[in-house]
Amino acid sequence: MQASCSHCGTQHVLKDAEVAAHSKVQFHCSKCARTTVVEIAVRPDRTMVVSPLPSFARGGATSSQLNLPPPDAGVKLPAAKNVVLKIIAGPAKGAVHTLAKARVILGRDDADIPVSDPEISRHHCMLEVRESYANLKDLDSTNGTFYEEERVRAAMLQNEAEFRIGNSVIRFSLEPK
Numbered sequence: 004m005q006a007s008c009s010h011c012g013t014q015h016v017l018k019d020a021e022v023a024a025h026s027k028v029q030f031h032c033s034k035c036a037r038t039t040v041v042e043i044a045v046r047p048d049r050t051m052v053v054s055p056l057p058s059f060a061r062g063g064a065t066s067s068q069l070n071l072p073p074p075d076a077g078v079k080l081p082a083a084k085n086v087v088l089k090i091i092a093g094p095a096k097g098a099v100h101t102l103a104k105a106r107v108i109l110g111r112d113d114a115d116i117p118v119s120d121p122e123i124s125r126h127h128c129m130l131e132v133r134e135s136y137a138n139l140k141d142l143d144s145t146n147g148t149f150y151e152e153e154r155v156r157a158a159m160l161q162n163e164a165e166f167r168i169g170n171s172v173i174r175f176s177l178e179p180k
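In the working numbering, the protein residues as written are 4 to 180.
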């Protein structure tokens, strides 16, 4: 079973034989050393991060804080392709954004990629582009980030993958320059 660290998004492979008998599994991330708990659904390929609590649910937290870890060296735009985000459904349907940098925040108003959708948080999610894919990370948004119809904390997007934030469906594409 694969699971992502809810803090840094690092992918981990958990042994099916060891997790199959449990409804919840806790693991320590090999990259950031923090703990993540995943709930094992009826189908082991459908997991959902249930811990830690998103920042908006913690006492004393404000939604205006955006404390991102520094990007690692693998985050870069591909040399021979344009990275394009197309809004294919929702209030801003038809909008097209060609990324100028490898790490962008999607959200309302002051985000790198502003999306006109009242169901989206100010800093809703982050996209970190690597040569042939992108890591999508929810930024403790109120209404969540969805990939393949499941709420996710992090997901790896291949070319032409679609994800939903608020009422907006967005397609991630790698297009020739």
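Glycine included, every Cβ here is placed at the ideal spot set by N, Cα and C.
The structure presented is a predicted model; accordingly, all values stated were derived computationally and were not measured.
Can you find the residues in the same chain that come closer than 7 Å, C-beta to C-beta, to residue i, ignoring five residues on each side of it along the sequence?
i, result
"F175", "L88, A137, L160 and A164"
"L109", "I116, V118, H127, C128, L130 and I168"
"E21", "none"
"Y150", "L139, A158 and F166"
"T38", "Q29 and H31"
"V99", "V87 and K89"
Under the assumption that residue i contacts residue j (Cβ atoms under 8 Å), give the Cβ distance between them as a whole number of angstroms.
i, j, result
"C182", "P72", "With the chain covering 4 to 180 only, the question about residue 182 has no answer from this structure."
"P179", "K79", "Not quite, the Cβ-Cβ distance comes to about 18 Å (not below 8 Å), so this is no contact."
In the DSSP output, what is residue i paired with across the bridge?
i, result
"M129", "I108 and K140"
"T39", "F30"
"R167", "F149 and V172"
"S117", "Reading off the sequence shown, one finds Pro at residue 117, where the question assumed Ser. In DSSP, P117 forms a bridge with G110."
Quick one: what's got a C-beta closer than 8 Å to residue i's C-beta in the same chain, skipping five residues either side?
i, result
"H15", "Q5, A6, S7, C8, F30, C32 and S33"
Please go through the same chain and pick out, in chain order, the residues whose beta-carbon is closer than 6 Å to the beta-carbon of residue i, but skip the five residues on each side of it.
i, result
"T101", "N85 and V87"
"V132", "L80, V86 and A105"
"R154", "G147"
"D48", "Because the pLDDT of D48 is 47, which lies under 50, any placement of that residue in the model is unreliable, and the number read from its coordinates should be weighed accordingly. Excluding positions up to five away in sequence, the list is empty."
"E134", "P81"
"V107", "D115, I116 and L130"
Three or more beta-carbon pairs under 8 Å between the stretch 88 to 101 and the stretch 153 to 170, yes or no? yes
Hey, is the stretch 119 to 131 in contact with the stretch 141 to 154, meaning 3+ C-beta pairs nearer than 8 Å? yes
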